[in-house]
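Heads up: the structure comes next, in structure tokens.
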Amino acid sequence: MEIGKQIKEYRMHTKMTQKELGEILNVSDKTISSWENGRTYPDISLIVQLSDLFNISLDTFLREDKKMIKKIDKDLKFKKVYKYLLIGGILIVGGLMLFLNVYQYKNQWVDRFNPFMKMEIGYATLPETVTYDGGKQYDENSKKSQVPDPYTDIFVTETPFGGGTRLSFVGGQSPEGKNYAIVQHKGLYVKKMSFISWNAIPEIYRNAMQKEYLKVPDADYSKIPVHSD
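Take 16 as the starting number for the sequence shown in the numbering used here and just add one per residue.
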């Protein structure tokens with residue numbers, strides 16, 4: 016006998032309405048009706064409750080309903096696969112969070128999309144002139160397009176106490192008298208920079224900065240960026 020018919024038979028034998036049985040199992044009377052008419056099946060946990068409620072063994076309850084047995088087998092396999100997928104997802108998310116926390120200030124592309132980092136605003140002193148096309152001086156007589164080299168290893172002051180980060184970014188030749196920059200960045204990723212004059216920098220930051228650009232020799236800050244929270 017199919018399990019739906021057995022549920023109906025045992026329910027009527029115990030003189031319960033569909034609504035009363037539904038209240039015991041915490042389901043609606045429509046769900047009970049759907050079971051009894053064979054449209055849907057109860058899950059394994061509810062089958063166990065029904066077995067206890069009607070005082071019959073699971074073997075007796077399920078013996079003649081092959082469809083129900085196949086459904087239970089499928090549900091158990093699905094739950095097993097879901098369990099492994101859930102564990103795998105947790106491990107992947109946990110590993111990604113650990114990576115993003117440990118790998119800060121090492122790669123601008125990682126920093127750009129790192130949700131654990133925030134945008135910073137800082138001020139920098141720039142060299143008054145830049146080189147072009149890989150270290151060449153600007154040639155006014157050249158007819159070829161000359162591309163300014165990026166600013167590299169520039170210390171950006173982020174706090175009035177002198178803390179900051181060494182960054183590299185593209186900006187081009189600064190206008191005369193404006194070889195300073197306000198820089199918006201997230202780790203090593205520079206979102207925006209604008210040329211400003213010395214007086215445009217808040218005095219509290221100017222006190223922690225060098226007015227003249229000073230290149231620091233013999234220091235590889237590209238691998239170990241300086242940063243202060």
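The beta-carbon is built from N, C-alpha and C at its ideal position, and this holds for glycine as well.
query: Assigned secondary structure, residue 106 (DSSP; H/G/I helix, E/B strand, else coil); result: helix
query: Distance between beta carbons of residue 40 and residue 61, contact taken as under 8 Å; result: 6 Å
query: Touching by the beta-carbon criterion (3+ pairs, under 8 Å), the stretch 207–226 and the stretch 166–182; result: yes
query: Simplified DSSP state of residue 171, which is helix, strand or coil; result: strand
query: Inter-residue spacing [alpha-carbon to alpha-carbon] between residue 108 and residue 117; result: 14 Å
query: CA-to-CA distance, residue 27 to residue 65, given in whole angstroms; result: 13 Å
query: Residue 182 - DSSP class collapsed to helix/strand/coil; result: strand
query: Bridge partners - residue 163, DSSP secondary structure assignment; result: 147
query: Separation of residue 204 from residue 1, as counted between CA atoms; result: In this structure the chain extends from 16 to 244, so residue 1 is not present and cannot be described.
query: Stretch pair the stretch 179–197 + the stretch 133–149: three plus CB contacts closer than 8 Å; result: yes
query: Residues near residue 136 by beta carbon distance below 6 Å, same chain, minus five either side; result: 199
query: Same chain, Cβ closer than 7 Å to residue 43, neighbours up to 5 away in sequence not counted; result: 37
query: Cβ-based burial, residue 130 [other Cβ within 10 Å; buried from 16]; result: exposed
query: Per-residue DSSP class, three states only, for residue 19; result: helix
query: For residue 226 and residue 140, believed in contact at Cβ under 8 Å, the rounded distance; result: 7 Å
query: Residue 208 - DSSP class collapsed to helix/strand/coil; result: strand
query: Beta-carbon proximity list for residue 162, same chain, < 7 Å, skipping 5 on both sides; result: 147 and 148
query: Whole-angstrom C-beta distance between residue 119 and residue 132, which should lie under 8 Å; result: 6 Å
query: Three-state secondary structure (DSSP) of residue 138; result: strand
query: Environment of residue 237 [buried if 16+ CB atoms lie within 10 Å]; result: Residue placement at residue 237 is flagged as unreliable, the pLDDT there being 42, under the threshold of 50; a coordinate-derived value is accordingly withheld.
query: 8 Å CB neighbourhood of residue 207 in its chain, flanking five on each side removed; result: 198 and 199
query: Whole-Å CB distance - residue 127 paired with residue 201, under 8 Å assumed; result: 6 Å
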